[in-house]
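Q: Please read through the structure below; I'll follow up with questions.
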Amino acid sequence: TLSPIQKRNIEDETGFEIYDRNQIILDIFAKRAKSNEGKIQVELAYLKYQLPRLTEKDAGLSRLVGGFRTKGPGETKLEMMRRRFREEISLLNKRIEKLRARRDFTRQKRKLSGIPLVAIAGYTNAGKSTLLNRLTKSNVYVEDKLFATLDPAIRRYTFADGYSLLFSDTVGFIKNLPDELKNAFMSTFEEISCADLIVHVADVSSLDVDNQIEAVEEILLELNADHIPRILVLNKKDKIKTQNKEIKRSDGIFISALTGEGINVLMKRIREYIGK
37 TLSPIQKRNI
47 EDETGFEIYD
57 RNQIILDIFA
67 KRAKSNEGKI
77 QVELAYLKYQ
87 LPRLTEKDAG
97 LSRLVGGFRT
107 KGPGETKLEM
117 MRRRFREEIS
127 LLNKRIEKLR
137 ARRDFTRQKR
147 KLSGIPLVAI
157 AGYTNAGKST
167 LLNRLTKSNV
177 YVEDKLFATL
187 DPAIRRYTFA
197 DGYSLLFSDT
207 VGFIKNLPDE
217 LKNAFMSTFE
227 EISCADLIVH
237 VADVSSLDVD
247 NQIEAVEEIL
257 LELNADHIPR
267 ILVLNKKDKI
277 KTQNKEIKRS
287 DGIFISALTG
297 EGINVLMKRI
307 REYIGK
C-alpha cells in the first residue's frame, strides 16, 4: 500500500503508472460488482481512494476562465476535478445511507418473523457461495477467484421436521482490507453482526489457512461480532485428498461443499446451536 506522495514520486522516477495493493483490490471489486448496490459501494470506495491521488497530470495544466460554479478569475482543471469528486462522494454517501436504512428495515422484519439467521463468513475464495448452494439448493454465482461474490444472498433452509432458518452469504474477507472498501461495504458487513450464528468457512487446502482464519477473526472483532457463536468449517477437504496433503488443523468440521462430504455433520451442529 502506497501513500499518494509515494505513488507520485515512484511514477515521476520511473515514468510508469503505478498500481498499489489497494488499487488492485479496488479494480477487482469493480469487475465483480453486479448489482446496483454493489456498483455504488465500489464506486464510492474508488472515488475516496482516488481523491487524494489526483494530480495535475490527471486533469491537465490549463486554467479555466471564470464562470458558473467556478472560483474567482478561474479554477484549475485539477481543482474542478477534485470538487466534482467531492460532490459525487457526497451523493453516493446519501445513496448508501438509503440502502442501509432499507437493509435495517429488512432486518427488523426478519427479526419479527422469528426465523434464525446463520451468516456464512470467511476469507475470500474459501467456498462460502458453494456451501450456500449446497445447503439450500440455490444457484448463487460461484467461481474459483477472489471476491467472486460481492452481493449478499439470503436463502431459506428447512429441516425434515419443518424447522426453518435463513443462511446469509457475505462478502469475502481479506487481510488489511482497504479502509475505503471497508467503509463502503459496512452496511453489507452489518448482516454478519445481526446473525444468530456465524459459520466461519476456511479453505483447509490453502497453505495460508491459519493466517486467513486469524484475519477473519480480527475482522469479526472489528465488526463487534466476536460475541456471536461460531462454527469453524474447514472446507475443500476434497482438494486435500486429490493433492495427497496432510491436514495440519484438527479443530473445526471438515467438509467439502463441492462433493457434500461432511454436510450432514455440519447441519447437525448448526441445529444444536440454534434450535431443537
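Numbering (this note's numbering), first residue to last: 37 to 312.
Ideal placement from N, C-alpha and C gives every residue a C-beta, glycine not left out.
In this text the structure is predicted, and so the values were computed from the model without any measurement.
(1) Looking only at DSSP bridge pairs, what is G158 linked to?
(2) For T112, does the three-state DSSP call read helix, strand or coil?
(3) Could you check whether A162 and V237 sit closer than 8 Å to each other, using their CB atoms as the reference points?
(4) By a C-beta neighbour count over all protein chains shown, 10 Å radius and 16 as the cutoff for buried, is Q52 buried or exposed?
(5) Please classify G208 as buried or exposed, where buried requires at least 16 neighbouring CB atoms within 10 angstroms.
(6) Which one or two residues does DSSP pair with A189 in a beta bridge?
(7) Grab me the residues of E216's own chain with a C-beta within less than 6 Å of its C-beta, minus the 5 sequence neighbours each way, in chain order.
(8) How long is the line joining the alpha carbons of L270 and A137, rounded to whole angstroms?
(9) Name the two residues that bound the continuous alpha helix (DSSP H) containing I267.
(10) Since K43 is in the alpha helix (DSSP H), which residue starts that stretch and which ends it?
(11) Cβ of F225 less than 8 Å from any chain C Cβ?
(12) Tell me the rounded alpha-carbon separation between K147 and L202.
(13) Pick out whichever of N58, N129, H263, I310 has its Cα sitting closest to the Cα of I210.
(14) Can you tell me whether T142 is helix, strand or coil according to DSSP?
(15) Return helix, strand or coil for S242, following the three-state DSSP convention.
(16) So A231 and A155 are in contact, right, with Cβ under 8 Å, and what is the actual spacing, rounded?
(17) For L114, which option in I289, L90, N300 has the closest C-alpha, if you only look at C-alpha atoms?
(18) From this set, N72, K130, L257, D48, which residue's C-alpha is nearest I19's C-alpha?
(19) Please classify R68: is it buried, with 16 or more other beta-carbons within 10 angstroms of its beta-carbon, or exposed?
(20) How about I306 and I255: do their beta carbons lie closer than 8 Å?
(21) By Cβ distance below 8 Å, which residues in the same chain neighbour I291 in space, the five residues on each side in sequence not counted?
(22) Do you know offhand how far E124's Cα is from N212's?
(23) Quick check on the burial criterion: 16 or more other C-beta atoms within 10 angstroms. Buried or exposed for R105?
(24) Please list, in chain order, all residues of the same chain as I289 whose beta carbon is under 8 Å from its beta carbon, the five residues on each side excluded.
(25) Quick one: grab the DSSP three-state call for F65.
(26) What residue from F65, T112, A157, Y55 has the CA that sits closest to I249's CA?
(27) Taking the C-alpha atoms as reference points, what is the distance between E133 and I190?
(28) Quick one: residues in its chain with C-beta nearer than 8 Å to the C-beta of K43, no 5 flanking neighbours on either side, listed in chain order?
A: Put simply:
(1) Paired residues: V237.
(2) Per DSSP, reduced to three states, the secondary structure at T112 is strand.
(3) Cβ atoms of V237 and A162: closer than 8 Å.
(4) Note on residue identity: the sequence assigns Phe, not Gln, to residue 52. It counts as exposed.
(5) By the Cβ neighbour-count rule, G208 is buried, with 16 or more other Cβ atoms within 10 Å of its own.
(6) Bridge partners of A189: D205.
(7) Counting only Cβ-Cβ distances below 6 Å, and skipping sequence neighbours, we find A81, K84, Y85.
(8) Those two C-alpha atoms are separated by around 34 Å.
(9) Bounds of any alpha helix (DSSP H) do not take in I267; it lies within the beta strand (DSSP E) bounded by 266 to 271.
(10) Note, K43: alpha helix (DSSP H), 40 to 50.
(11) Among the protein chains of the structure shown there is no chain C, as only one such chain exists.
(12) So the two alpha carbons sit approximately 11 Å from each other.
(13) The residue with the shortest Cα to Cα distance from I210 is N58.
(14) Of the three classes helix, strand and coil, the one that applies to T142 here is helix, per DSSP.
(15) Three-state result, S242: coil.
(16) Your pair A231 and A155 checks out as a contact, with CB atoms roughly 4 Å apart and the cut at 8 Å.
(17) Proximity to L114 across I289, L90, N300 peaks at L90, based on C-alpha coordinates.
(18) No information on residue 19 is available, as it lies outside the stretch 37 to 312 that the chain covers here.
(19) The residue in question, R68, is buried, as its Cβ has 16 or more Cβ neighbours within 10 Å.
(20) Contact: no.
(21) The beta carbon of I291 sits closer than 8 Å to the beta carbons of L167, V269, L270, N271, K273, E297, G298, I299, V301, L302 from its chain, once the five residues preceding and following it are set aside; these are given in chain order.
(22) Taking the Cα positions, E124 is about 26 Å away from N212.
(23) Low confidence applies to R105: its pLDDT is 47, below 50, so where it sits in the model is not reliable enough to give any reading.
(24) For I289, where only same-chain residues beyond five positions count, the Cβ hits under 8 Å are I267, L268, V269, L270, G298, V301, L302, R305.
(25) F65 falls in the helix class under three-state DSSP.
(26) When each option's Cα is compared against that of I249, the closest is A157.
(27) C-alpha separation (whole angstroms): 21 Å.
(28) Contacts found: I54, D56, R89.
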